[in-house]
Amino acid sequence: MYLALRPAAAKDRRLFYAHRNGKCINQVVGKNQFYKVPETVANFLQLENPNSYTGHSFRRSSATLLVESGGDLMTVKKHGGWKSSNVAEGTCGSAEITPDLRSGTSTAVVSMAKKKNNFNTRKFDCCTE
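Here it is as structure tokens:
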């Protein structure tokens, strides 16, 4: 989805471009900036305690989406790099881990995310400088 929204004038293969003052700039987004995204979104949505939304939110959300789309405990553990079943189960929040592994899990995750979030795709006019 994101690749379809990238500007046509992108000068290289970097996946994420930084934004400053409402404009997309030709600068790499590093891991520290990327990990701040959940807090930025929480601030925008005016959620309580936005500073509690950290880069770990990506890990937790992806594990939960995997479980909700039919992933079993072994798949979740492998996905998150967890050795402990208890840790993997705890990370998935209230999602119920199913006993069977369904094929096409990553496709199901993307499809489910599209349905849940009702993505409105649009082109961005940036990185043209």
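When the sequence shown is numbered by UniProt numbering, its final residue is 129 and no position is left out of the sequence of numbers. Ideal placement from N, C-alpha and C gives every residue a C-beta, glycine not left out.
Rounded to the nearest angstrom, the Cβ distance from G80 to T91 is 6 Å, consistent with a contact under 8 Å. Rounded to the nearest whole angstrom, the C-alpha separation of L66 and M74 is 11 Å.
Sixteen is the threshold: since fewer than 16 other Cβ atoms of the shown chains lie within 10 Å of the Cβ of K83, the residue is exposed.
Excluding the 5 residues flanking it on each side, P38 has same chain C-beta neighbours closer than 8 Å at Y53, T54, G55, S57, F58, in chain order. Here G71 is buried. Its C-beta has 16 or more other C-beta atoms within 10 Å. Cβ atoms of Q33 and A10 stay farther apart than 8 Å, at about 18 Å. The beta-bridge partner set that DSSP reports for Y35 is empty.
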